[in-house]
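Here is the structure we will look at.
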Amino acid sequence: MKLRLKWLFLAILVMSLLTFSHSYGQNKFKLKPGAQGQLCLNCHDTFKEKLKNPFVHTPVKTGDCTGCHNPHTSSHGKLLAENPNKICVKCHEGIVPQNPKSVHPVVMEGNCVKCHDPHASKYKFVLLKPGNELCLDCHKSIGDAVAKARFKHAPVDKGCVSCHDPHGSAKERYLLKNELVSLCVSCHRTDQPSFSKQHMNYPVAKSNCSSCHDAHGSNRAGILFDNVHPPVANKVCTQCHEAPTSPDALKTKRTGFELCRGCHSRMMNDVFSKNRIHWPLVDQKGCLNCHKPHASPQKNLLRGDMNSLCGKCHIDTLESQKKLAEKEKQENAAAKGRVVKGILTHSPIQQGGCDACHSSHASDSDFLLKQPSVIKLCESCHDWSKHTNHPMGEKVIDPRNKNVTTQCLSCHISHGSGYRYLIPFPTVTDLCNQCHKQYRR
Amino acid sequence: MKRVEMRFAQVSVMKNRKGDHKLSFFLKVFIVALLAFPLTSFSAETVKFNYLQSVYFDEKGGGLKQPEGVACNEKSLLVVGDTGNDRLVRYTFQDKILRGGSDIHMPQLSSPIRVQVNSKGEIFALDGKKRHIVRLTPEGVFKSYVDPVGVPSPSAFVPKSFRIDRSDNIYILDIFTARVLVLDPDGKYQRQIPFPKDYGFISDLSVDSKGTVLLIDCVKAMVFSATKESNSFSPLTKSLREYLSFPTSVTESRGIIYIVDQDGGGIVILGADGAFMGRQLSKGWNEGLLYFPSQICVSEKGEVFIADRGNSRIQIFTLVK
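Protein chains in written order, with this note's numbering: chain W, 1 to 441; chain P, 1001 to 1321.
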């Protein structure tokens, strides 16, 4: 009997504690009965109009303004009760799946208000804009491509969320709702004869669809990427692959550059006649390090724009370029309209034009430069004679090194140095004093 | 009472003796540890480069042009792969004095980008243009191409670099089939080690005195290693990106690994276990500075030869502990 009483007492205690904490949580500001929300609207009366929207955020609907705001004081703007980048996650905890393969950067930043209105909206999920309009506000280039595409992919018009999860994906890159192939075959039946026929009877049901097809639509039938490798366009897959009836049908007939050499022999012969080669061209992947074998949105079937493509291996160069661009932006902003002389970044690199100076396959010059003479190379863009009359050329020995002659790179670092005018020293005086030591102070 | 006292005294003496024994044991361990400390700290001590001199010309006064290869041995031989001039240049460097500078020019070799010397003084050079390795006599006369015999399929290979160990075995970095080919001194196939999984781009290899093969990945900025008995590579280091920009060459000498940072113009030093021990030299044009360096050779005597490609010279340093 005593034991039962003890249990009863304990249960009552727990219940009362729970009730207290719940009621405290509900009304931690000890508002008068019926005062919740309504009290706020007494002053914030413009809000009444907003609340007429069909989609209202639940705490707003229940009048729980204090769910997000502190009515008295706050360390955050709009009297928010928490850091604005973290406040939404307090309730919407599982919005990003565990161990995601991709997360929308705005979600990662906690910048939920970029897509959602925290109070109310005309659109479902309290979104700021309807459907694709919202996504294409940021993803403009995709929007432009979709609008111009002659051959549309129906799910794109239905909405980006047909294929993408706007918050994050546990299964695939690019916020795809499922693994790429599974996603495609959920609409496209691969067991149909037409599928086999279109793919020349090759067993591609489990292959990467996006190696040929542009899921956002394109100007080519079958929504193939705009630039198609001629053997693919002409449906002569056997030019590179084993016969479709072969047990290893998807295997290529040769590996590396040897496969491509069959058709691109002139280019290859030219490459192999040069003194210096871009080594990835002759490694196991060969041409496929930079080029896609079937189709690509980029010219020359490149795997991406040159900046990201070259930057994939030359990470140090890409990172320093990003830092320099940021530094330049900050310094120019700090100047508040005052003209800041000299540049920190070399524009061809910023614009992804590595091939303005370098030959991507091979060259007779060091660093795969397009011209043996650095002076002539720079001259193709810069009329340096207007900029300096400093002696330069094959007959002018660099005072720092008796085995080197002076040229543009004697004073400038073409990839940027962190100093204005791309010089390797903080001031022009420091630079000049390297050679003209008699003027050193 | 006395008995009790005596008994107590005996027990306490025994306890003290036991304690003494324990104390002496710990004391011994402590002393051994104390003595061993300087040894271990010495082995982990980094090295510094002391600038000695630069090599600009051959014996006839012809300037070096963007040299990418350099090899040295304990017999004071110094061979330079003068890449821009399509030739080798042969010097000796003894007692801090550079002699010779004879030109080795031959139709079988252009653009030498890596150079090695074996125990017999034979010179090996990798032709960057034709992508094959040539073997020369110690006098610099063409002997043969290194054509691996008995390589299992695929037999095609593209050498990006190569090394010769103390027993004159030849290690070829074959980027076409993503493997290291190990050949005996006559070029007969011994074994192959596939590149590690998920590598970026392997730019060079080295072999230490124990036969451990080292690879440097210029994209991932990592060193991989495979012991003499192993048939696979495993990471020796994590990404070294915070210490270097674009590593293109690696060598090992006396338990220390030297990595050439081409873009950063410096040498990164690692312990045999891959621990970062320091960085030497920096980017520039003046003597003692590097501008897009290529190969490095560290001799048994502690002399360091660096192919300072961008400055068209070879720089010589001594190691200082």
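All C-beta atoms in this analysis are idealised placements derived from N, C-alpha and C, irrespective of residue type, glycine included. Please read all numbers here as calculations on a predicted model, not as lab measurements.
- Would you identify the three-state DSSP class for P/Tyr1051, choosing helix, strand or coil? Three-state result, P/Tyr1051: strand.
- Task: Name the residue from P/Thr1251, P/Asp1204, P/Ile1216 whose alpha carbon lies nearest to the alpha carbon of P/Leu1236.
- Result: That would be P/Ile1216, whose Cα lies nearest to the Cα of P/Leu1236.
- P/Asp1165 to P/Cys1072 span [Cα, whole Å]: Each residue's alpha carbon lies about 13 Å from the other.
- Task: Look up P/Arg1279 in the DSSP assignment and say whether it is helix, strand or coil.
- Result: It is a strand residue.
- State whether the segment 1193-1210 of chain P contacts the segment 1223-1234 of chain P, with contact taken as three or more CB pairs (one from each stretch) at a distance under 8 Å. Taking one beta carbon from each stretch, the segment 1193-1210 of chain P and the segment 1223-1234 of chain P have 3 or more pairs nearer than 8 Å; the two touch.
- Message: Among the candidates W/Lys437, W/Lys327, W/Lys114, whose CA atom is the shortest distance from the CA of W/Arg420?
- Response: Between W/Arg420 and the set W/Lys437, W/Lys327, W/Lys114, the nearest pair of CA atoms involves W/Lys327.
- Message: Helix, strand or coil for P/Leu1039? Go by DSSP, reduced to three states.
- Response: Its pLDDT being 42, under 50, P/Leu1039 is placed unreliably in this model, and the coordinates cannot settle the point.
- Excluding sequence positions up to five away, which residues of its chain have a Cβ less than 7 Å from the Cβ of W/Arg150? Excluding residues within five positions, the ones whose Cβ falls inside 7 Å are Asn219.
- Query: Got a sec, what are the start and stop residues for the alpha helix (DSSP H) W/Asn53 sits in?
  - Reply: No alpha helix (DSSP H) contains W/Asn53, which DSSP labels as neither H nor E.
- Take the Cβ of P/Glu1252 as the centre, count every other Cβ of all protein chains shown within 10 Å, and call the residue buried at 16 or more, exposed below. The residue in question, P/Glu1252, is buried, as its Cβ has 16 or more Cβ neighbours within 10 Å.
- In three-state terms, what does DSSP make of W/Leu324? In the structure shown, W/Leu324 sits in a helix (DSSP, three-state: H, G or I).
- Task: Please confirm whether P/Val1115 and P/Val1079 have their CB atoms less than 7 Å apart.
- Result: Against a cut-off of 7 Å, the Cβ pair of P/Val1079 and P/Val1115 comes out as a contact.
- Give every residue of the same chain whose Cβ lies closer than 8 Å to the Cβ of W/Val89, excluding the five residues on either side of it in the sequence, and list them in chain order. Correct list, in chain order: Ile95, Gly110.
- Query: Hey, which unbroken runs of the beta strand (DSSP E) at 3 residues or more fall wholly within the segment 355-393 of chain W?
  - Reply: Under the rule that a run must span 3 or more residues, no beta strand (DSSP E) segment is found entirely inside the segment 355-393 of chain W.
- Of the residues P/Ser1203, P/Ser1153, P/Phe1317, the one placed nearest P/Leu1173, counting alpha carbons only: Residue P/Ser1203 is the option with its Cα nearest to P/Leu1173.
- Message: On the DSSP bridge list, what partners appear for W/Val232?
- Response: W/Val232 pairs with nothing; no bridge assigned.
- Message: I'd like to know whether the C-beta atoms of P/Val1070 and P/Cys1297 end up nearer to each other than 7 Å.
- Response: Closer than 7 Å, so yes.
- Query: Distance, Cα to Cα, W/Cys263 vs P/Leu1126?
  - Reply: Within the model, the alpha-carbon separation for W/Cys263 versus P/Leu1126 is close to 29 Å.
- Message: So, at 6 Å on beta carbons, what are the nonlocal neighbours of P/Leu1035 in its own chain, with the 5 sequence-adjacent residues on each side left out?
- Response: Because the pLDDT of P/Leu1035 is 48, which lies under 50, any placement of that residue in the model is unreliable, and the number read from its coordinates should be weighed accordingly. Taking C-beta separations shorter than 6 Å and ignoring five residues to either side along the sequence, P/Leu1035 has no partners in its chain.
- Message: By the DSSP assignment, the beta strand (DSSP E) with P/Gln1094 in it spans what residues?
- Response: Counting along the chain, the beta strand (DSSP E) containing P/Gln1094 begins and ends at 1087-1094.
- Message: Nearest by alpha-carbon distance to W/His229: which of W/Lys140, W/Tyr123, W/Glu49, W/Lys292 is it?
- Response: Residue nearest to W/His229 within the set W/Lys140, W/Tyr123, W/Glu49, W/Lys292 is W/Lys292 (criterion: CA-CA distance).
- May I ask which residues mark the beginning and end of the beta strand (DSSP E) holding P/Gly1101? Taken as a continuous stretch (DSSP letters only), the beta strand (DSSP E) holding P/Gly1101 covers 1097-1104.
- Helix, strand or coil for W/Cys432, going by three-state DSSP, please let me know. Look at W/Cys432 here: in three-state DSSP terms it is helix.
- Contact under 7 Å by Cβ, W/Tyr202 with W/Pro244: Going by C-beta atoms, W/Tyr202 is nearer than 7 Å to W/Pro244.
- Task: Kindly say whether P/Gly1063, judged by its beta-carbon, lies nearer than 7 Å to any beta-carbon of chain W.
- Result: Closer than 7 Å to some Cβ of chain W, the Cβ of P/Gly1063 qualifies, so yes.
- Task: With 7 Å as the threshold, decide whether the Cβ of W/Val271 is near any Cβ in chain P.
- Result: It does not: the Cβ of W/Val271 has no partner Cβ on chain P nearer than 7 Å.
- With DSSP run on the structure shown, which of helix, strand or coil describes W/Cys260? Of the three classes helix, strand and coil, the one that applies to W/Cys260 here is helix, per DSSP.
- Cutoff 7 Å: P/Asp1217 Cβ touching any chain W Cβ: No - not a single Cβ of chain W is within 7 Å of the one on P/Asp1217.
- Query: Taking buried to mean at least 16 other C-beta atoms within 10 Å of its own C-beta, is P/Ser1294 buried or exposed?
  - Reply: Taking a 10 Å sphere around the C-beta of P/Ser1294, we find 16 or more other C-beta atoms and assign the residue as buried.
- In three-state terms, what does DSSP make of W/Arg266? Secondary structure of W/Arg266 (DSSP, three-state): helix.
- Taking only beta-carbon positions, decide if P/Gln1066 is within less than 7 Å of chain W. P/Gln1066 counts as touching chain W.
- the segment 359-390 of chain W: which residues have C-beta closer than 9 Å to a C-beta of chain P, in chain order? Contact annotation: in the segment 359-390 of chain W, residues whose CB is within less than 9 Å of a CB in chain P are Asp366, Phe367.
- Query: Buried or exposed: W/His92, going by 16 or more other Cβ atoms within 10 Å of its Cβ?
  - Reply: By the neighbour-count rule (16 or more Cβ atoms within 10 Å), W/His92 is not buried but exposed.
- Going along the chain, which unbroken runs of the beta strand (DSSP E) with 3 or more residues stay wholly within the segment 1166-1246 of chain P? As summarised for the segment 1166-1246 of chain P, the continuous beta strand (DSSP E) elements at least 3 residues long and confined to that stretch are 1170-1174, 1179-1183, 1189-1194, 1202-1207, 1213-1217, 1222-1226, given in chain order.
- 7 Å Cβ cutoff, W/Gln407 in contact with chain C: The displayed structure is made up of protein chains W and P, and chain C is not among them.
- Query: With which residues is P/Leu1078 paired in a DSSP beta bridge?
  - Reply: Answer is P/Cys1072, P/Tyr1091.
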